[in-house]
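In terms of the working numbering, the sequence shown opens at residue 39 and continues consecutively.
Input: a single structure, listed below in structure tokens.
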Amino acid sequence: MTYASDAGDYSVFAVSCDVDGDVKEIVCTVRGTVEVGESVKLVGSFVMHPTYGGQFKADMMERITPKTVDAMERYLASGVIKGLGAKRAKMIMDEFGDGAFDVLTNKPEMLAQIKGISKKVALEIGTEFAEKTHERNTMMYLQGLGLTAGQSGKIYKRYGPQTIDTVKQNPYVLAEDIYGIGFKIADRIAARAGIPHGSPFRISAGVKHVLASGLGDGHVYLPKAALVGETAELLGLDADEIANHLLRMQMAQEIKQEKIGEDIAIYLSAFYHAEIYTARRLLELDAALVGTTDGIAKHIDDVERDSNITLARLQKAAVQEALSNGVSVITGGPGTGKTTTIRTIIRALSAAEQRIALCAPTGRAAKRMQEATGKPASTIHRLLKIFSAGGDAVDRDELPEDLMISADCVIVDESSMVDIMLMYRLLRSINAGTRLILVGDVNQLPSVGPGNVLRDIIQSGRISVVCLDEVFRQSAQSAIVMNAHRINQGTYPVLNDKESDFFFMREDDAAMTVRHVADLASRRLPKFLGVDTMRDIQVLTPQRKTLVGVENLNVVLQAALNPPAAAKAERQMGSYVFREGDKVMQIKNNYGIVWRVVDGRGNIVDEGTGAFNGDDGIIIRIDNEARFLRVRYDEIRLVDYEFSQLDELVLAYAITIHKSQGSEYDVVILPIHSGPPMLLNRNLLYTAITRAKKMVVVVGIPGTLNRMVDNVRESVRYSTLSYRMQRFFEAMMGGEDE
């Protein structure tokens with residue numbers, strides 16, 4: 039074997055062939071994986087590769103059960119069958135000859151006739167041989183449907199011996215169960231498997247696909263007309279057929295329909311239940327502590343005296359509201375005193391011997407919260423001990439006791455990042471009588487996940503909200519803070535003032551913009567500011583494609599910041615090359631992956647599960663023999679990825695502004711060039727600017743920067759949390775049962 043891709047998508051190997059009496063070695067390339075010792079039939083053509091020369095490119099591969107004694111022995115000796123190596127393979131072939139495979143399949147106990155193989159080991163080898171044979175047959179079936187070996191492997195790992203039956207019955211379940219296989223791939227499989235064009239399975243899958251795409255755009259539901267139209271176009275079916283099928287899906291509890299105003303809203307069931315529960319639970323928690331105002335003014339006075347601070351009027355109001363309500367929101371832009379307000383609340387609660395849990399949506403945000411308050415803080419996921427991705431509604435009474443939060447008050451920072459499902463899970467774990475304080479900047483981008491939770495809670499008018507709007511003197515001296523507020527108010531930022539921490543480099547050429555960004559990140563800013571390039575400098579961009587987009591910038595920045603070296607192991611994954619020392623980001627929630635913290639001697643001192651969308655870290659080891667890659671997150675947590683899991687990681691020298699939410703960096707470099715208005719708006723620019731602590735450097739076109747300030751359009755998100763909170767509040771006040 040010369041090479042096999044980690045995803046199992048293709049293999050390169052050499053075979054010896056007799057060509058007109060002359061034995062020649064021919065290099066072959068084929069989709070899928072080929073094990074050493076396997077027999078295969080290849081159909082294809084000879085091609086000339088520009089780099090590697092002549093080779094046989096196989097368009098089709100068929101696995102053949104080895105027929106000759108030599109071929110059988112090579113297969114058994116290849117290591118494919120656990121418990122069999124070259125020595126035992128030879129002994130089996132010497133004993134049974136060309137009947138060896140029949141013995142392994144039907145009479146494995148006969149292997150015990152061979153010296154050194156017990157009956158127990160014989161049966162284990164037989165079981166392994168049978169499983170491997172079944173797996174090979176299943177993989178052949180799946181690849182015959184057009185799936186890659188990597189995709190086939192994931193499917194087999196999920197369904198095991200039931201794989202073929204599952205796929206034949208309803209291949210659309212693959213789109214729901216297997217990461218990396220979406221509706222379109224499942225639809226191609228279904229067509230090849232003979233599933234009718236108008237199959238109920240196909241219509242259900244199409245509806246779910248359109249609703250899931252809506253979730254990706256931030257929508258909790260879709261209006262019925264839009265859903266039916268998009269699904270009909272996707273499937274090539276009549277809209278009435280789709281609309282009629284929705285009733286079946288509702289009866290099967292796959293979706294929920296509800297009339298909201300003039301529209302009929304259609305939800306995936308899990309998100310409907312999550313929104314209902316969130317609205318109701320927020321009001322219940324708030325009502326449980328209404329009117330607890332005794333002694334609050336004295337608490338505030340004591341904290342001011344003991345801490346030698348004087349709170350502004352709105353800061354005092356925020357503390358007062360937080361301590362006298364079950365649920366409250368504190369919002370405000372940079373430099374408006376949110377951190378001082380949180381510290382005051384913590385001190386007042388601590389003086390009253392209240393237990394406090396501090397959390398934030400990301401590891402970086404939690405770490406910053408901990409540094410700012412001097413109190414332990416964790417991610418929301420870790421606070422909740424989330425181990426699985428299930429989003430189904432579960433009654434709180436069914437939760438294990440150790441999953442309930444043991445605190446009198448929960449404070450959530452960067453709460454604009456919290457989507458509807460995460461808020462639902464958080465509220466499920468909060469006991470009645472526990473205070474909830476949500477802190478965040480409502481002008482930041484909304485959560486990456488579906489919903490507009492913080493904004494909806496504020497707009498409902500049913501929860502106490504204090505908006506801090508006074509920029510304090512020390513913060514006002516920062517051009518970052520000043521310009522963030524100017525941008526939010528629709529005023530163009532002030533550029534390149536003397537002694538500023540906000541700089542603009544004009545560059546109209548996109549290629550030169552990229553060169554400036556790489557030079558700033560690798561040489562100029564680390565030298566000027568004395569900061570760590572990997573940890574403290576982050577390139578943010580509105581785009582994925584184009585020269586100034588994430589994909590190209592990561593290639594350029596990797597070459598500048600972490601070039602190849604003999605001492606650095608690497609691994610190719612799709613269009614990426616991962617290298618030891620690279621900065622990477624997790625791009626999907628993986629609730630089951632194991633992390634650990636080790637001491638200087640390598641002993642595990644802490645461990646848990648979960649790596650989440652947006653977590654960034656550094657590759658510290660790549661082991662090509664053991665086929666795993668190790669990432670260090672938050673400077674302490676170690677996570678090992680099998681090579682088959684590397685599609686969960688991307689390079690992160692440059693990331694989208696959306697992915698930066700909840701994070702804070704010493705330095706932000708922001709390339710701003712041309713692009714569509716939906717990607718270049720005020721909200722996006724404001725979010726990027728407010729990620730920086732010490733310096734912002736914008737590189738690009740001044741006119742584009744100004745157009746972003748002028749562009750106030752935000753993407754509409756379909757959610758009904760605010761509406762439901764209002765309705766439930768009215769029902770509670772009227773004594774009705776909603």
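Where is the CB? At the ideal position from N, CA and C, for every residue including glycine.
Over what stretch of residues does the alpha helix (DSSP H) that includes residue i continue unbroken?
i, result
"Gly164", "Lys157 to Gly182"
"Ile495", "Val491 to Ser498"
"Val266", "Lys262 to Leu273"
"Asp132", "Ala124 to Phe134"
"Leu142", "Ala138 to Asn144"
"Val736", "Element bounds for Val736: not the alpha helix (DSSP H) but the beta strand (DSSP E), Ala730 to Gly738."
"Val448", "Unbroken run through Val448 is the beta strand (DSSP E), Cys447 to Val450; no alpha helix (DSSP H)."
"Ala726", "Arg720 to Ile727"
Give a yes or no on whether the C-beta atoms belonging to residue i and residue j are separated by under 9 Å.
i, j, result
"Tyr210", "Ser242", "yes"
"Ile383", "Leu352", "no"
"Gly252", "Tyr259", "yes"
"Pro531", "Leu722", "no"
"Gly528", "Arg745", "no"
"Ala389", "Val341", "yes"
"Gln482", "Thr176", "no"
"Lys294", "Ile304", "yes"
"Ala308", "Met459", "yes"
"Arg582", "Asp255", "no"
"Tyr48", "Val78", "no"
"Tyr679", "Glu686", "yes"
Helix, strand or coil: how does DSSP classify residue i here?
i, result
"Ala427", "Unreliable placement is indicated for Ala427, whose pLDDT of 37 sits below 50; the coordinate value is still reported in the next sentence. Coil."
"Met770", "helix"
"Leu437", "Caution applies to Leu437, whose pLDDT of 49 falls short of 50 and renders its modelled position unreliable; the model cannot decide the point."
"Gly244", "helix"
"Lys153", "coil"
"Arg762", "helix"
"Leu567", "helix"
"Asn628", "strand"
"Ser54", "strand"
"Gln392", "coil"
"Val341", "helix"
"Asp661", "strand"
"Gln527", "coil"
"Val432", "Note on Val432: pLDDT 40, under 50, position unreliable in the model; the coordinate value appears next. The answer is coil: DSSP assigns Val432 none of H, G, I, E or B."
"Gln699", "coil"
"Glu776", "The pLDDT assigned to Glu776 is 48, lower than 50, so where the model puts this residue is not dependable; a value taken from the coordinates is nonetheless given after this. Coil."
"Ala224", "helix"
"Gln408", "helix"
"Val588", "helix"
"Gly487", "coil"
"Gln515", "coil"
Please report the residue range of the beta strand (DSSP E) in which residue i lies.
i, result
"Arg670", "Phe666 to Tyr671"
"Met289", "Looking at the DSSP string, Met289 is not in any beta strand (DSSP E); the run it does join, the alpha helix (DSSP H), is Ala277 to Met289."
"His87", "Ser77 to His87"
"Gly648", "Ile642 to Ala649"
"Leu578", "Ile575 to Thr579"
"Asp678", "Arg675 to Glu680"
"Asp546", "Premise fails: Asp546 is in no beta strand (DSSP E) and is neither H nor E."
"Ile617", "Contrary to the premise, residue 617 reads as Arg rather than Ile in this sequence. Looking at the DSSP string, the run of the beta strand (DSSP E) that includes Arg617 is Tyr614 to Arg617."
On the DSSP bridge list, what partners appear for residue i?
i, result
"Thr417", "Ala398"
"Ile347", "Answer is none; Ile347 lacks a bridge partner."
"Asp295", "Checking the displayed sequence, the identity of residue 295 turns out to be Gln instead of Asp. Gln295 pairs with Ile304."
"Thr369", "Gly478 and Cys505"
"Ile193", "Paired residue(s): none; Ile193 is not in a bridge."
"Gln93", "Val85"
"Ile710", "Gly738"
Which whole-angstrom value is the C-beta distance of residue i and residue j, which I expect to be below 8 Å?
i, j, result
"Tyr671", "Leu595", "Not really, about 20 Å apart at Cβ, beyond 8 Å."
"Pro715", "Arg675", "Not a contact, Cβ separation roughly 39 Å."
"Val519", "Gly373", "4 Å"
"Ala649", "Ile625", "That belief does not hold up - the Cβ atoms of Ala649 and Ile625 are roughly 10 Å apart, past 8 Å."
"Asp644", "Met623", "With 8 Å as the limit, Asp644 and Met623 do not qualify as a contact, their Cβ atoms being about 22 Å apart."
"Val477", "Ser453", "6 Å"
"Ile119", "Lys170", "6 Å"
"Gly539", "Met733", "Reading off the sequence, residue 539 comes out as Asp, not Gly. The pair is a contact, with the Cβ atoms about 5 Å apart (cut-off 8 Å)."
"Val328", "Cys397", "Actually they are not in contact, since the Cβ atoms of Val328 and Cys397 sit about 24 Å apart, beyond 8 Å."
"Ser502", "Asn363", "5 Å"
Verify the CB distance criterion: does residue i have a CB-CB separation below 9 Å to chain D?
i, result
"Ser54", "Looking for chain D here will not work: only one protein chain is present."
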